[in-house]
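Written out below as structure tokens is the structure these notes cover.
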Amino acid sequence: MQRIAIAAAFAVALSAVNAAADTAEARCDIYPKGEDRASAMIACTFSQRQGHVTITRADGVTHDLSPAGDKPGDYRDQQGRPVLREDGGLGDQGMIFRLPDESVYVYWSTAALKPPSDKDNPTAPFTT
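In my numbering, the protein residues as written are 437 to 564.
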């Protein structure tokens, strides 16, 4: 009985480690449909589990994407509308998701979200 309890505890601990491995803090650039200029650059969280993708943005918007069809990169959003993940657009820097109303560029690096410190700016508090 004790072995079963230990094995169950180990399995739960192992699954918790695996669940955290597929979630990453990221930066999302939001491009309205047809625009070539981002309307926002915000913090977001990217999660992927068994092919399902969730993008949770700091502005309160969440995109829940489910795999659709047989082609990798084809998804449906929570309203059943088609979404395309573009491969190769950002290389190893991130992913692009083409939603019906906007495109979401997910970047793995969040460095652009952090303003430079005054020690990095010789003219602080003024900008040039």
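Quick reminder that beta carbons are idealized off the backbone N, C-alpha and C, glycines included.
Being a predicted model, the structure only gives us computed values, none of them experimental.
DSSP beta-bridge partners of VAL489: Here residue 489 corresponds to residue number 53 of the sequence shown, with the count starting at 1. VAL489 pairs with GLN484, LEU501.
Given 8 Å, three or more beta-carbon pairs between the region 512-526 and the region 475-485: no
Integer-rounded CB distance, given that GLY530 should sit under 8 Å from TYR543: For this step, residue 543 is matched to residue 107 along the sequence shown. For this step, residue 530 is matched to residue 94 along the sequence shown. Sure, about 4 Å apart at Cβ, within 8 Å.
GLN486 beta carbon near the ligand GDP (any heavy atom closer than 7 Å): Inclusion of the ligand GDP in the displayed structure is not the case, the ligand content being empty and no account of it being possible.
Sequence-distant residues of its chain with Cβ nearer than 7 Å to THR492 (five each side left out): For the purposes of this step, residue 492 is identified with residue 56 of the sequence shown, where counting begins at 1. Contacts found: CYS480, THR481, THR498.
Reduced DSSP secondary structure (H/G/I, E/B, other) of ALA494: As a first step, residue 494 is located in the sequence shown; it is residue number 58 there, counting from the start. It is coil, neither helix nor strand.
For LEU549, the first and last residue of its enclosing beta strand (DSSP E): Here residue 549 corresponds to residue number 113 of the sequence shown, with the count starting at 1. Where LEU549 is concerned, there is no enclosing beta strand (DSSP E), given that its DSSP letter is neither H nor E.
Collapsed DSSP secondary structure at ASP523 in the structure displayed: On the sequence shown, residue 523 is found 87 positions in, with the first residue counted as 1. Of the three classes helix, strand and coil, the one that applies to ASP523 here is coil, per DSSP.
Helix, strand or coil at ASP465 [DSSP, three-state]: Within the sequence shown, numbered from 1, the residue matching residue 465 stands at position 29. Here ASP465 carries a strand assignment [DSSP, helix/strand/coil].
GLY530, enclosing beta strand (DSSP E) - first and last residue: For the purposes of this step, residue 530 is identified with residue 94 of the sequence shown, where counting begins at 1. Segment 530-534, the beta strand (DSSP E) holding GLY530.
Counted within 10 angstroms of its Cβ, other Cβ atoms place SER545 as buried (16 or more) or exposed: Locating residue 545 in the sequence shown gives position 109, counting from the first residue. Exposed is the call here.
Through-space distance from GLU522 to SER502, alpha-carbon basis: To locate residue 502, count along the sequence shown from 1; it is residue 66. To locate residue 522, count along the sequence shown from 1; it is residue 86. Spanning the two alpha carbons is a distance of roughly 15 Å.
Cut-off 6 Å between Cβ atoms - residues of its own chain near THR490, not counting five sequence neighbours on either side: For the purposes of this step, residue 490 is taken as the residue at position 54 of the sequence shown. Closer than 6 Å at the Cβ level, and outside the excluded window around THR490, lie SER483, ASP500.
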